[in-house]
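Engineer: What follows is a single structure, and I will ask about it in a moment.
Chains as they are written, first to last, in our numbering: chain A, 1 to 265; chain B, 1001 to 1265.
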């Protein structure tokens, strides 16, 4: 099965384009978990248990686990293993290097962690992305227009009469098919999102920036123009409550986002 | 002590601008090590023992360890811990993400692994790099002109009348001082290296691309124009021999590169 079909299947089954981002941080999870790093896995399991019928995907941010070193990497692995197999997984790792190095990153993310997809930085060009595309049943989400303020520094620079992020998309879409190649476009960039949909109406977009980062739901859904998309929310769902029964609040926030995305169309 | 001073001190002490890249791969190290992942640490220790008076730095490529998962991450940590404290260490991790995520990567690389520096991808702009620069005694090597073929895809695109990599350097050099900010420039890009030295004569450059990647030593030293630089060689040194006494060959290759760099000026 292609990665794009896996996305479409679970989106239909759960009637949801919501992705929950597991940016789990010891200093932010409910205090009753204590301060042992291993409680992060318990926290993640509770988030997954309470949202798995409401989402199409989980996005796992590698940085939040790598900061705890070897123990964090173990929790990262155990979290991937715990996610039900019908739900799409995104290794949010922003990798990319020369060919033989990208091949090793691909082995790590697709082989060892068995993720369905990875976020990749386009700056180093085709041969830095190609090793990830050799895994036919996986998807690469190339950074195009990111959600942060710093996206103004380089991504919007005009080159050859158009913004740089458009050059990235137009060139890289020739590297693979829409079954294997998607793009990251921030929900805080709705004008650019609308332009991007004219270039790639059928490619899957991974859209972060809703929730704590302030992107507007109606504007994002409108600008996306009905194309295949996975919309991520991290902090505003997983840290919905500090209570012992925090999963009720988590579930309600996830339902709110799922429904808001579905009803904004 | 600033990172730049640590570089200058060890370069003087060992009379060397050579960096050895620990891109250690089970399929390439001498066969007598066997196929257990943990032998990678033994291999790294032997490389370090046999070259530590010939180098200014070790560059550790995270991908080659991450491909082995948790066990690989443990070897990465043990390798960093084994490197003598007077030698400069480079976490070649090519990280970069939105602010709170880059902060977690910085904790991982500078806190947990205690590396002296990291390679960072500039595509996401200032706020994706700033968290790394908050560590005053560390250095960030921003990717400018990489050594691979794919560098032609985006880094050389002309924007506002100049190549994109120049825009990256001119904008980002305002983000910090030369004590904390360096750049990656491939030895396969000598024309661009010469141009870059006109923009940033005093910033430290991390120069990969010599050895297996085919960069010319005299052309690179000439184009660098005497600026502070660390020149990396990985595969051509660490895989110099498949023999049991491979360290003799490793040491000879390292001596050859150290002397070639010193004598080419």
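Built from N, CA and C at the ideal position, the CB exists for glycine as well.
#1: Suppose you measure from the CA of residue 187/A to the CA of residue 215/A; what does that come to, to the nearest Å?
#2: Taking all protein chains shown into account, decide if residue 16/A is buried (16 or more other Cβ within 10 angstroms of its Cβ) or exposed.
#3: Is there a Cβ of chain B sitting closer than 7 Å to that of residue 264/A, yes or no?
#4: Opposite residue 19/A in the DSSP bridges: which residues?
#5: Buried or exposed for residue 275/A, please, with buried defined as at least 16 other CB atoms from any protein chain shown within 10 angstroms of its CB.
#6: Check distances from the C-beta atoms of the segment 147-165 of chain A to those of chain B and list, in chain order, the residues that come in under 9 Å.
#7: Can residue 65/A and residue 1063/B be called in contact, C-beta distance under 7 Å?
#8: What residue does the alpha helix (DSSP H) around residue 1217/B start on, and which one ends it?
#9: Under 7 Å, Cβ to Cβ, is there at least one residue of chain A near residue 1110/B?
#10: Can you say whether residue 1191/B is buried or exposed, counting buried as having 16 or more other CB atoms within 10 angstroms of its CB?
#11: Would you verify that the beta carbon of residue 123/A is, or is not, closer than 7 Å to some beta carbon of chain B?
#12: By Cβ distance, which residues of its chain are closer than 7 Å to residue 24/A, with the 5 residues on each side in sequence left out?
#13: Please list, in chain order, the residues of the segment 126-143 of chain A that have any C-beta partner in chain B closer than 7 Å.
#14: In angstroms, rounded to a whole number, what distance separates the CA positions of residue 201/A and residue 173/A?
#15: Who are the near neighbours of residue 254/A in its chain, counting only those whose CB is closer than 6 Å to its CB and skipping five residues on each side?
#16: Taking the alpha-carbon positions, what's the residue 153/A to residue 147/A distance?
#17: Taking residue 1116/B as part of the alpha helix (DSSP H), name the residues at either end of that continuous run.
#18: Is the beta carbon of residue 1205/B sitting closer than 7 Å to the one on residue 1229/B?
#19: When we look at the beta-carbon of residue 1001/B and count the other beta-carbons within 10 Å, is it buried (16 or more) or exposed?
#20: Take residue 1208/B as the anchor and find which of 1166/B, 1082/B, 1144/B and 1083/B has the nearest alpha-carbon.
#21: To the nearest angstrom, how far is it from the Cα of residue 1138/B to the Cα of residue 1226/B?
#22: Residues of chain A with CB closer than 7 Å to the CB of residue 1118/B, please, in chain order.
#23: Classify residue 1062/B as helix, strand or coil using the three-state DSSP reduction.
#24: Applying the criterion that 16 or more other CB atoms from any shown protein chain within 10 Å of the CB defines a buried residue, is residue 1027/B buried or exposed?
#25: Buried or exposed for residue 218/A, please, with buried defined as at least 16 other CB atoms from any protein chain shown within 10 angstroms of its CB.
#26: Anyone know if the C-beta pair for residue 49/A and residue 89/A falls short of 7 Å?
#27: Just to make sure I have the definition right: I need the residues of chain A whose C-beta is within less than 7 Å of the C-beta of residue 1173/B. Which are they?
#28: May I ask you to list the residues that DSSP assigns as paired with residue 1090/B?
#29: Residue 58/A and residue 29/A: beta carbons closer than 7 Å?
#30: Could you tell me the boundaries of the alpha helix (DSSP H) in which residue 142/A lies?
#31: At 4 residues or longer, what runs of the alpha helix (DSSP H) sit wholly inside the segment 1132-1195 of chain B?
#32: Looking at the structure shown, is residue 1026/B part of a helix, part of a strand, or coil, going by DSSP?
#33: Which chain A residues sit within Cβ distance under 8 Å of residue 1105/B?
#34: Starting from the Cα of residue 1259/B, find the closest Cα among 1221/B, 1242/B and 1047/B and give me that residue.
#35: Would you list the one or two residues that DSSP bridges to residue 1210/B?
#36: By the 10 Å Cβ neighbour count, where 16 or more other Cβ atoms means buried, how is residue 94/A classified, buried or exposed?
Structural biologist: With the given structure in hand:
#1: The alpha-carbon atoms of residue 187/A and residue 215/A are separated by roughly 5 Å.
#2: With a threshold of 16 other beta carbon atoms within 10 Å, residue 16/A meets it and is buried.
#3: Cβ-Cβ to chain B under 7 Å: no for residue 264/A.
#4: Answer by DSSP bridge pairing, in chain order: 57/A and 232/A.
#5: No answer is possible for residue 275/A: it lies beyond the span of chain A, which begins at 1 and ends at 265.
#6: Per Cβ criterion, the list reads 147, 148, 149, 150, 151, 152, 153, 154, 155, 157, 158, 159, 160 and 164.
#7: No, they are not a contact pair.
#8: For residue 1217/B, the enclosing alpha helix (DSSP H) stretches over residues 1217-1224.
#9: For residue 1110/B, the answer is no, since every Cβ of chain A falls outside 7 Å of its Cβ.
#10: Here residue 1191/B is exposed: its Cβ has fewer than 16 other Cβ atoms, across all protein chains shown, within 10 Å.
#11: Yes, residue 123/A counts as interfacial toward chain B.
#12: Cβ within range, chain order: 40, 43, 44, 64 and 238.
#13: Per Cβ criterion, the list reads 126, 127, 128 and 143.
#14: Straight-line Cα distance between these residues: approximately 12 Å.
#15: Correct list, in chain order: 51, 54 and 237.
#16: If I take the Cα positions, the gap works out to 12 Å.
#17: No alpha helix (DSSP H) holds residue 1116/B; DSSP gives it neither H nor E.
#18: Residue 1205/B is a Cβ neighbour of residue 1229/B, given a cutoff of 7 Å.
#19: Exposed: under 16 other Cβ atoms inside 10 Å.
#20: Answer by Cα proximity: 1144/B.
#21: C-alpha separation (whole angstroms): 23 Å.
#22: Under the 7 Å cutoff, chain A gives no residues; its nearest Cβ is about 12 Å from residue 1118/B.
#23: If DSSP states are grouped into helix, strand and coil, residue 1062/B belongs with coil.
#24: Counting the other CB atoms within 10 Å of its CB gives residue 1027/B a total below 16, which places it among the exposed residues.
#25: The residue is exposed, with fewer than 16 neighbouring Cβ atoms inside 10 Å.
#26: It is not a contact, given that the beta carbons lie outside the stated cut-off.
#27: Here the premise fails: no neighbours, minimum Cβ distance about 13 Å.
#28: Per DSSP, 1059/B and 1117/B.
#29: The answer is no: Cβ separation not under 7 Å.
#30: Unbroken run through residue 142/A is the beta strand (DSSP E), 139-145; no alpha helix (DSSP H).
#31: Correct list: 1151-1154 and 1164-1172.
#32: Here residue 1026/B sits in coil by DSSP.
#33: Residues of chain A with a Cβ closer than 8 Å to the Cβ of residue 1105/B are, in chain order, 63, 66 and 67.
#34: With distances taken between Cα atoms, residue 1259/B lies closest to 1221/B.
#35: Answer is 1215/B.
#36: For residue 94/A, the number of other beta carbons within 10 angstroms of its own is at least 16, and it is reported as buried.
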